[in-house]
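Protein chains in written order, with numbering that gives the first Met the number 0: chain A, 0 to 214; chain B, 0 to 681. Even for Gly, the Cβ is constructed at its ideal location relative to N, Cα and C. The structure presented is a predicted model; accordingly, all values stated were derived computationally and were not measured.
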Amino acid sequence: MNILFLQFLLQIIFLTIVFLHISKKNLDAVFAYAVQSFTIVILLLNSFFETGYISLLFIALLVFTVKVILAPGFFIRLIKKNELIFSASTYLNTPITLAILAMLAAIAHSYRFAPLTSIIPAHEMLLSLALSMIFLSLFLIINRKSALSQIIGILSLENSIVAFAIFAGLEQSPSLQIGILFDISIWLIIATMFVSMIYQHFGSLDVTDMRKLKD
Amino acid sequence: MINSIISQITFVAVLSFFAIGGIGALLLRKHDTFANIWSHFFAILGSLSGLFFVALMASGGDDLSFSLGAFAVPFFSLSFHIDKLSAFFIFIISLISLFCSVYAIGYVKHFYKKYDIGALGFFYNLFILGMLLVVSSSNWLFFLIAWEVMSITSYFLVVYDRNDPQNVKAGFLYLIMTHVGTAFIITAALLLYKFTGSFEFEAIQSGASSIPLSIKNTIFIFTIIGFGTKCGIVPFHIWLPDAHPAAPSHVSALMSGVMIKTGIYMMIRIFFGMLWPVPVWWGLALLVLGSISSLLGVLYALTEHDIKRLLAYHSIENIGIILLGLGGALTFLSLNMLPLALLSLTAALFHTLNHATFKSLLFLGAGSVINQTHTRNIEEYGGLIKYMPYTAFFFLVGSMAISALPPFNGFFSEWLTFQSLFLGIASLSLYEKWIFILAAGSLAFTGGLALACFVKAFGVTFLARPRSSHTSGAKESSLSLRIGMGAMALLCLLFGIGSSHVVVFLESVGKNLAIFKGTASLISSSGQQVVVGNNFGSVSLLFLCICFVFVAGLVFYIVTFVINKNQKIETGATWDCGTDLTGRMEITATGFSRSIVTIFKGILRPSIQHDIEYHDAQSRYLPKSRTITLGVQDVYQSYFYQPLNRMVSLIALRVKSIQSGNTNMYILYIFIALIISLLFVL
């Protein structure tokens, strides 16, 4: 597939992460995550068509089922069931958040990370973008107060790592593929438990309300 | 070859006996008597086998090297290398453990139904096992594990009497200090690895030439702090006067007599083996540290009223004396004066052996006294010689030995240390000569003050009349306690009388080290006479014995026939208005040491508190009682450890704010750490 198209797909993922940073509604975040995951599925399918490994097709279908259908569906049900009011609050306001996003993207593109991003020289630009997605996802977890959006941040980090692995030429490694699946299932279980428990205990998913746990 | 195999099997058997003793004691913990007998029986068996092993090594002559099993862990091997130096320390450990274990059979009975005897037996056996591994291992990682086994088991022994909060506090201080020391030891080991590429002692020794001088100096300082903390060198000694008294007395004897010597062992291993050649200032630094430790140790001992703390401070003093020998040896060695270096090292080794015997004896004696009186305060003793004559006699032997009085062993090792220092003064240039003069001066001071201190300790404890009700109910210790002490007392005498032979043997231990191979000897012994250098100094045991007998006879004659001859008992009113003599009229330990403390008040910084109670508090004319409390300010605590503690607490408070309890903050830390690591690595 044309490298420009691949770059376009990566940019979609990048933009979904930026959107996750500035979105004010729960449902929007879940949809953004679904779009992001779907883009990953397209990337995996692209790898399948290029290499012909049948396992990649299997992985792509599984990722589609889990990340595009099941996980967003689960989140939507959770939001509706508990009638969660999305806590849009972040630690930093939107302009500062965007400034930091720009800075992190610049750091990921800096020459200091060249040894990491030039693993496959042809994909240097793509790897830099994928690296900046990893950084941005991590920052999403840090900046969000709501536990639910933090979980979406973690899942987004997963997607970014998978994207990085695909462009670093690791997509054919069976261990990576099994790792991706295992990771997804574990994280979904943990996320379910986590969200349910927190909501039962505190009646809220805003981490600032959990401060009474301190000391 | 056969001898080597037998030695190897014997050594493994020694270790196994202690392991069986420890584990068995734990299994029998429900039955105090069985646990006591099992653990100490195997400790005695292990000690006897240890002595047999040393005899095998001495008869064979060759070093013993072997490994147990093969491990997939990198850099780690259960490898042992036992040369004469290791065998000498195994001898000390086995010898002292043997008699401490005999003593313990009777001693631990007073813990029955109060504490877990099985746990005591477990930690006691493991503690001895740890010490044996420390002096026989030849791989740094293995050594560090053994070192930790020794340290942690001794910690549990220190806090064994856990109902006393002071003991728990002392244990905590010990645990902290020993691990601070271990941190420095690990750093030194890692530095050695970095420049030699191996954790094996022999490989390090052969690759030592690749270590730059600045790194060697760093390793030296880290080693001194690390092993010096275990030895109790001033100013790293603060744990020692608290921890040694807290432990059960037979453990105190082992800790003070043997465990602290493992630090000395490693110093010899590193300075005289792994890091050779070394600069002159190392030896001189050891001499200065030795002088300070010996002098301050004895001065602090003088101010003590707690009998076990007093003995613990004397351990610091004696470690100082050993360091004088070691420092002298290192100085001579770096100046390429090998025969003199060998002489100094022999003196250090001899004092190591002697201190182990007399200090263990004194701790066992103190344990017997405390067992009967239930107090460690010597101001409450008095007149115990009437109730505990054997213990008093054994304690007197120990006191004479530690005060370096002939014919006991302490005299000969201190004499040898003096000779090495005098030879240094005679043969060195101006700069080094002055440090040797100061070292000799401090040793002379130390000897005199130690004598004064033990006149106080023995006099106040055993002579005159009971000062409190604690004393009057005392009885002589049981048989096993007396056997333990009696055997130690006999050893003090034997090592003194046989010093001419012991010295020759210890010189051969020194000669076994690679740097002393083929070195000419400065010590010669003919019959009962030891001669140092070309008739530079000599001591004749026969002459000393004659003098001792003559002086003892003279004192006896004067007391019996001169002082008591014309004394008639008259009944009449005396100056004290006919009041009976009581314990309150005797000189106290505080009163005895007060004049000496006053002389050294610049160093000791005493604080004297007077309390007067009046018959009529308002008129304040007729005092009912006066109390003088003589305290000594702990300058190390006040000026070093407490400021250090405050600084650490301040940093800890600041660091605490990092731990906000907010998940986002923690992820931010991870993120920052990730970015920094990537920037650093890439």
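> Can you round the beta-carbon distance between Leu274(B) and Gly326(B) to whole angstroms, since I take them to be within the 8 Å contact cut?
Replying inline: In the second sequence, residue 274(B) corresponds to position 275, counting from 1. In the second sequence, residue 326(B) corresponds to position 327, counting from 1. The pair is not a contact, with the Cβ atoms about 15 Å apart (cut-off 8 Å).
>> Here's a check: name, in chain order, each residue in its chain whose Cβ is nearer than 7 Å to the Cβ of Gln117(B), leaving out the five neighbours to either side.
In response: By one-based count along the second sequence, residue 117(B) stands at place 118. Reading off the sequence, residue 117(B) comes out as Gly, not Gln. Excluding residues within five positions, the ones whose Cβ falls inside 7 Å are Ala24, Leu25, Leu27, Arg28 and Ala34.
>> My output table needs one value for Ile210(B): the three-state DSSP class, helix, strand or coil.
In response: The sequence position of residue 210(B) within the second sequence is 211, counting from 1. Correct three-state label for Ile210(B): coil.
>> According to DSSP, simplified to helix, strand and coil, what is Leu77(B)?
In response: Locating residue 77(B) in the second sequence gives position 78, counting from the first residue. Reduced to three states, the DSSP call for Leu77(B) is coil.
> Quick one: is Leu341(B) buried, meaning 16 or more other Cβ sit within 10 Å of its Cβ, or exposed?
Replying inline: One-based indexing of the second sequence puts residue 341(B) at position 342. Buried, because 16 or more other Cβ atoms sit within 10 Å of the Cβ of Leu341(B).
>> Using only CA atoms, which one of Phe235(B), Met176(B), Phe444(B) and Met130(B) lies nearest to Met265(B)?
In response: Counting from 1 along the second sequence, the entry for residue 265(B) is found at position 266. With distances taken between Cα atoms, Met265(B) lies closest to Met130(B).
>> Taking only three categories from DSSP, how would you classify Thr662(B)?
In response: Against the second sequence, residue 662(B) aligns to sequence position 663. Correct three-state label for Thr662(B): helix.
>> Cutting at 6 Å between CB atoms, please list the residues of its own chain near Gly509(B), excluding the five before and the five after it.
In response: In the second sequence, the residue the question calls residue 509(B) occupies position 510. Here the set comprises Leu341, Leu344, Thr345 and Phe515.
>> Please report the distance separating the alpha-carbon of Leu84(B) from that of Leu130(A).
In response: Here residue 84(B) corresponds to residue number 85 of the second sequence, with the count starting at 1. Here residue 130(A) corresponds to residue number 131 of the first sequence, with the count starting at 1. Each residue's Cα considered, the two are about 60 Å apart.
>> On the criterion of 16 or more Cβ atoms from any shown chain inside 10 Å, does Glu612(B) qualify as buried, or is it exposed?
In response: Numbered from its first residue, the second sequence carries residue 612(B) at position 613. Label assigned to Glu612(B): exposed.
> Does DSSP put His500(B) in a helix, in a strand, or in coil?
Replying inline: Numbered from 1 along the second sequence, position 501 holds the residue referred to as residue 500(B). If DSSP states are grouped into helix, strand and coil, His500(B) belongs with the helices.
> Between Phe163(A) and Ser145(A), what straight-line distance do the alpha-carbon atoms span, to the nearest angstrom?
Replying inline: In the first sequence, the residue the question calls residue 163(A) occupies position 164. In the first sequence, the residue the question calls residue 145(A) occupies position 146. Going from the Cα of Phe163(A) to the Cα of Ser145(A) covers about 27 Å.
>> For Glu49(A), count the other beta carbons within 10 Å of its own beta carbon; 16 or more makes it buried, fewer makes it exposed. Which is it?
In response: Numbered from its first residue, the first sequence carries residue 49(A) at position 50. The residue is exposed, with fewer than 16 neighbouring Cβ atoms inside 10 Å.
> Alpha carbon to alpha carbon, what distance is there between Val167(B) and Gly282(B)?
Replying inline: Position 283 of the second sequence holds residue 282(B). Position 168 of the second sequence holds residue 167(B). Each residue's Cα considered, the two are about 37 Å apart.
> Taking 8 Å as the CB-CB limit, is Phe10(B) close to chain A?
Replying inline: Here residue 10(B) is taken as the residue at index 11 of the second sequence, counted from 1. Output row for Phe10(B): interface = no.
>> Tell me the rounded alpha-carbon separation between Phe542(B) and Ser499(B).
In response: By one-based count along the second sequence, residue 542(B) stands at place 543. By one-based count along the second sequence, residue 499(B) stands at place 500. Distance between the alpha carbons of Phe542(B) and Ser499(B) is about 14 Å.
> Rounded to a whole number of angstroms, what is the C-alpha to C-alpha distance between Ser173(B) and Thr181(B)?
Replying inline: Taking the second sequence and counting its residues from 1, the one referred to as residue 173(B) is at position 174. Taking the second sequence and counting its residues from 1, the one referred to as residue 181(B) is at position 182. Rather than Ser, the amino acid found at residue 173(B) in this sequence is Tyr. Approximately 12 Å, taken between the alpha carbons.
>> Can you give me the C-alpha to C-alpha distance between Ile650(B) and Phe183(B), rounded to a whole angstrom?
In response: Within the second sequence, numbered from 1, the residue matching residue 650(B) stands at position 651. Within the second sequence, numbered from 1, the residue matching residue 183(B) stands at position 184. Cα to Cα, the separation comes out at about 21 Å.
> Buried or exposed: where does Ala616(B) fall if 16 or more other Cβ atoms within 10 Å of its Cβ makes it buried?
Replying inline: Residue numbering aside, residue 616(B) sits at position 617 when the second sequence is read from its first letter. Flag for Ala616(B) reads exposed.
> With Ile319(B) and Leu422(B) assumed to form a contact (beta carbons below 8 Å), what rounded beta-carbon distance in angstroms separates them?
Replying inline: As a first step, residue 319(B) must be located in the second sequence, where it is residue number 320. As a first step, residue 422(B) must be located in the second sequence, where it is residue number 423. Note on residue identity: the sequence assigns Gly, not Ile, to residue 319(B). The Cβ separation is near 20 Å, so there is no contact.
> For Leu608(B), which of Trp414(B), Ile627(B) and Gly105(B) has the nearest alpha-carbon?
Replying inline: As a first step, residue 608(B) is located in the second sequence; it is residue number 609 there, counting from the start. The sequence shown places Gln at residue 608(B), not Leu. Considering only alpha carbons, the answer is Ile627(B).
>> Just checking: is the beta-carbon of Leu652(B) within a distance shorter than 8 Å of some beta-carbon in chain A?
In response: The count along the second sequence starts at 1 and reaches residue 652(B) at position 653. Not closer than 8 Å to any Cβ of chain A, the Cβ of Leu652(B) fails to qualify, so no.
>> Looking at chain A, is there any beta carbon in it that lies within less than 8 Å of the beta carbon of Ile666(B)?
In response: For the purposes of this step, residue 666(B) is taken as the residue at position 667 of the second sequence. Closer than 8 Å to some Cβ of chain A, the Cβ of Ile666(B) qualifies, so yes.
> If the cut is a Cβ gap below 9 Å, which residues of chain B does Phe112(A) touch?
Replying inline: Numbered from its first residue, the first sequence carries residue 112(A) at position 113. Near Phe112(A) (Cβ distances below 9 Å), the residues of chain B are Leu677, Leu678 and Leu681.
>> Whole angstroms are fine: how far does the CA of Ala439(B) sit from the CA of Thr445(B)?
In response: Counted from its first residue, the second sequence places residue 445(B) at position 446. Counted from its first residue, the second sequence places residue 439(B) at position 440. Distance between the alpha carbons of Thr445(B) and Ala439(B): 10 Å.
> Are the beta-carbon atoms belonging to Ile89(B) and Ser359(B) less than 8 Å from one another?
Replying inline: Taking the second sequence and counting its residues from 1, the one referred to as residue 89(B) is at position 90. Taking the second sequence and counting its residues from 1, the one referred to as residue 359(B) is at position 360. Going by C-beta atoms, Ile89(B) is not nearer than 8 Å to Ser359(B).
> Taking the Cβ atom as the reference point for each residue, do Ala106(B) and Leu480(B) lie within a distance shorter than 8 Å?
Replying inline: Here residue 106(B) refers to the residue found at position 107 when the second sequence is read from its first residue. Here residue 480(B) refers to the residue found at position 481 when the second sequence is read from its first residue. Correcting the residue identity first, residue 106(B) is Tyr in this sequence and not Ala. The answer is yes: Cβ separation under 8 Å.
>> For the structure I just gave you, are there three or more beta carbon pairs, one from the segment 12-24 of chain A and one from the segment 49-64 of chain A, closer than 8 Å?
In response: no
> Who are the near neighbours of Val596(B) in its chain, counting only those whose CB is closer than 7 Å to its CB and skipping five residues on each side?
Replying inline: For the purposes of this step, residue 596(B) is taken as the residue at position 597 of the second sequence. Here the set comprises Leu301, Thr302, Leu603, Pro605 and Leu629.
> What three-state label does DSSP hand Lys213(A) in the structure shown?
Replying inline: Against the first sequence, residue 213(A) aligns to sequence position 214. With a pLDDT of 44 at Lys213(A), under the threshold of 50, the modelled position of that residue is not reliable, and the figure given next carries that caveat. Of the three classes helix, strand and coil, the one that applies to Lys213(A) here is coil, per DSSP.
> Can you find a C-beta in chain B that's less than 8 Å from the C-beta of Ile227(A)?
Replying inline: This structure cannot settle anything about residue 227(A), because the visible part of chain A is limited to 0 through 214.
> Lys623(B) by DSSP, collapsed to three states: which one?
Replying inline: Along the second sequence, read from residue 1 onward, the residue named residue 623(B) stands at position 624. Reduced to three states, the DSSP call for Lys623(B) is strand.
> Straight-line CA distance for Val179(B) to Gly225(B)?
Replying inline: Counted from its first residue, the second sequence places residue 179(B) at position 180. Counted from its first residue, the second sequence places residue 225(B) at position 226. About 7 Å.
> Nearest CA to the CA of Phe122(B): which residue from Ser525(B), Phe200(B), Ile220(B) and Gly20(B)?
Replying inline: Numbered from 1 along the second sequence, position 123 holds the residue referred to as residue 122(B). Checked all of Ser525(B), Phe200(B), Ile220(B) and Gly20(B); the closest Cα to Phe122(B) is Gly20(B).
> From the beta carbon of Phe670(B), is the nearest beta carbon of chain A less than 8 Å away?
Replying inline: Position 671 of the second sequence, counted from the start, is the residue given in the question as residue 670(B). Chain A, which has a Cβ nearer than 8 Å to the Cβ of Phe670(B), makes this yes.
> Out of curiosity, what's the CA-to-CA distance linking Asn92(A) and Arg143(A)?
Replying inline: To locate residue 92(A), count along the first sequence from 1; it is residue 93. To locate residue 143(A), count along the first sequence from 1; it is residue 144. Whole-angstrom Cα-Cα distance: 11 Å.
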